[in-house]
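As structure tokens, the structure follows; a few thoughts come after it.
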Amino acid sequence: KYLNSKGLLAQVLGGWQVAGIMDYWAGHPIGIAQNNVVLMATSASGDGVNRPNVVPGQNRQTYSYNRTMDYFMGKTTVQPVQVNTSAFIKSPHFGLGNAHRNYASMTTMPYRMEDFDAEKYFHITDKIMATLRVDYFNAFNRTQLTPPDPDIDDSTFGMVTSQSLQISNRQGQATFRIEF
266 KYLNSKGLLA QVLGGWQVAG IMDYWAGHPI GIAQNNVVLM ATSASGDGVN
316 RPNVVPGQNR QTYSYNRTMD YFMGKTTVQP VQVNTSAFIK SPHFGLGNAH
366 RNYASMTTMP YRMEDFDAEK YFHITDKIMA TLRVDYFNAF NRTQLTPPDP
416 DIDDSTFGMV TSQSLQISNR QGQATFRIEF
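My numbering runs 265 ahead of the 1-based position in the sequence shown.
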């Protein structure tokens, strides 16, 4: 009621149009691979796609990504492993491993992103109008991590080694336009 009146408070606080895009999804399945075997199958990108063998009775799931986030935020100095590295062993030369291509229980970090914008029109005179628009991308400044290293031959197997470049830090922009 009060924000729709003609006063100064209504001109500043009333009449805003707000929109947002919230993008959420669970992590993608992770596949485990190995290198340095005589039977070297490669993908189109040249990555080794030989699969290791699965160790029976070992848990094949990713652990909580909270520990890795703490590592990247500087709360701990020990880089945690996201994958049970004891669940896989190298397949023999000229042999194909029995690991699946991907495991639904082993996933990358969930993706969360929120973008918001607000826009307000001001009628200065009958022929002059102004628009103020404010946009925020990654409004809550979420951090996305790269997938854990899937190669059992690497010293970083099962570890998240960096933050993803897929999401930038929070960014905002404001535009003011006068139409006459």
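Even glycine gets a Cβ: it sits at the ideal position worked out from N, Cα and C.
A quick note: this is a predicted structure, and the numbers were derived from the prediction, not measured.
1. Who are the Cβ neighbours of S310 in its own chain at under 8 Å, not counting the five residues just before and after it?
2. Is the beta carbon of L410 sitting closer than 7 Å to the one on M374?
3. Quick one, which of V346, H358 and G362 has its alpha-carbon nearest D419's?
4. Please report the Cβ distance between E444 and M371, rounded to the nearest whole angstrom; I am assuming they are in contact, meaning their Cβ atoms lie under 8 Å.
5. From R407 to A352, what does the alpha carbon distance come to, in whole angstroms?
6. So the alpha helix (DSSP H) M334 belongs to, where does it begin and stop?
7. Within the chosen definition, does the segment 282 to 291 reach the segment 328 to 345 through at least 3 CB pairs nearer than 8 Å?
8. Between D400 and the rest of its own chain, which residues show a CB-CB distance below 7 Å, the 5 nearest in sequence each way excluded?
9. Kindly indicate which residue of K385, N434, I389 and E384 has the alpha-carbon position closest to the one of A404.
10. Relative to the C-alpha of F441, which residue among K385, S427 and K355 is closest?
11. Would you list the one or two residues that DSSP bridges to Q409?
12. What's the C-alpha gap between H365 and T350?
13. Determine the closest residue to D416 out of T341, D288, N300 and G292, with distance taken between C-alpha atoms.
14. Suppose the cutoff is 7 Å on Cβ atoms and the five residues either side in sequence are ignored; what does the same chain contact list for H293 look like?
15. Of the choices N315, L273, S427 and P413, whose alpha-carbon is the least far from that of G362?
Let's see:
1. Residue 310 sits at position 45 when you count from the first residue of the sequence shown. Residue placement at S310 is flagged as unreliable, the pLDDT there being 47, under the threshold of 50; the coordinate-derived value follows with that caveat. So no residue of the chain qualifies.
2. Here residue 410 corresponds to residue number 145 of the sequence shown, with the count starting at 1. Here residue 374 corresponds to residue number 109 of the sequence shown, with the count starting at 1. Yes, the Cβ-Cβ distance between L410 and M374 is below 7 Å.
3. Working through the sequence shown from its first residue, we reach residue 419 at position 154. Minimum Cα distance to D419 is reached at V346.
4. To locate residue 444, count along the sequence shown from 1; it is residue 179. To locate residue 371, count along the sequence shown from 1; it is residue 106. Contact flag wrong, Cβ pair sits at about 54 Å.
5. Within the sequence shown, residue 407 is the residue found at index 142, counting from 1. Within the sequence shown, residue 352 is the residue found at index 87, counting from 1. Rounded to whole angstroms, R407 to A352 spans 31 Å at the Cα level.
6. As a first step, residue 334 is located in the sequence shown; it is residue number 69 there, counting from the start. N331 to F337 is the span of the alpha helix (DSSP H), which, as asked, contains M334.
7. no
8. Here residue 400 refers to the residue found at position 135 when the sequence shown is read from its first residue. The answer, listed in chain order, is D382, G437 and Q438.
9. Your numbering for residue 404 matches position 139 in the sequence shown. Comparing Cα-Cα distances from A404 to each of K385, N434, I389 and E384, the minimum goes to N434.
10. Counting from one through the sequence shown, the residue named residue 441 turns up at place 176. Nearest C-alpha to F441: K385.
11. Translated into positions along the sequence shown, residue 409 becomes position 144. In DSSP, Q409 forms no bridge with anything.
12. Translated into the one-based positions of the sequence shown, residue 365 becomes position 100. Translated into the one-based positions of the sequence shown, residue 350 becomes position 85. Their backbone Cα atoms lie some 15 Å apart in a straight line.
13. By 1-based counting over the sequence shown, the position of residue 416 is 151. Of the candidates T341, D288, N300 and G292, the one whose C-alpha sits nearest the C-alpha of D416 is N300.
14. Here residue 293 is taken as the residue at index 28 of the sequence shown, counted from 1. Same-chain partners within the cutoff: T372 and T373.
15. Position 97 of the sequence shown, counted from the first residue, corresponds to residue 362. Comparing Cα-Cα distances from G362 to each of N315, L273, S427 and P413, the minimum goes to N315.
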